[in-house]
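All remarks here apply to the structure that follows.
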Amino acid sequence: MSPETEAMWKTLSKLALEGQQLHIAERCFAALGDVSTVRFLHQTNQIADKVSHEMGGDGTEFFQVRAHVAMLDKNFKLAEMHYMEQNSIDEAIEMYQELHMWDDCIAVAEAK
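According to the UniProt record's numbering, the sequence shown is numbered sequentially starting from 1.
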């Protein structure tokens, strides 16, 4: 892949994430060979699709989807806020455990 092509895929992936076009973002990261991000976005898309079928809409406004998008942007406090607003404290704790952010994990657990 040429540097110009890679730059275009990166730009498109960023714009797709900003526009909540998660399926497009998943394809962009696949083209870039970013397997871990593709896997994470695939899981996020599965959540959004399930919510979309159950509740209508596109599913991107669901708190878990919004938290995942915040995590992709490395905005972990925003992801925590989305979880805490829905009283999903265990998910916030799990997020911090997976990231090895122990101080934040303990702070959320103590707030529980």
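All C-beta atoms in this analysis are idealised placements derived from N, C-alpha and C, irrespective of residue type, glycine included.
The structure displayed is predicted, hence computed values, not measured ones.
Scanning its chain for C-beta atoms nearer than 6 Å, with the 5 sequence neighbours on each side dropped, one finds around Thr37 the residues Phe29, in chain order.
Residues of the same chain with a CB within less than 6 Å of the CB of Ser52, apart from the 5 flanking positions on each side, are Asp58, Gly59 in chain order. Inclusion of Ile89 and Tyr96 in the CB contact set at 8 Å is not warranted, their separation being larger than that value. A direct Cα-Cα distance of roughly 16 Å separates Lys74 from Ile93.
In this structure, the straight-line span from the alpha carbon of His100 to that of Thr5 is close to 34 Å. In terms of CA proximity to Met71, Thr44 leads the group Ala48, Thr44, Ile106, Asn87. Restricting attention to alpha helix (DSSP H) runs no shorter than 4 residues, the stretch 7-59 encloses them at 22-32, 35-55, ordered along the chain.
The straight-line gap separating the alpha-carbon atoms of Gly56 and His23 is approximately 17 Å. If you check the CB distance, Ala31 and Trp9 come in under 8 Å.
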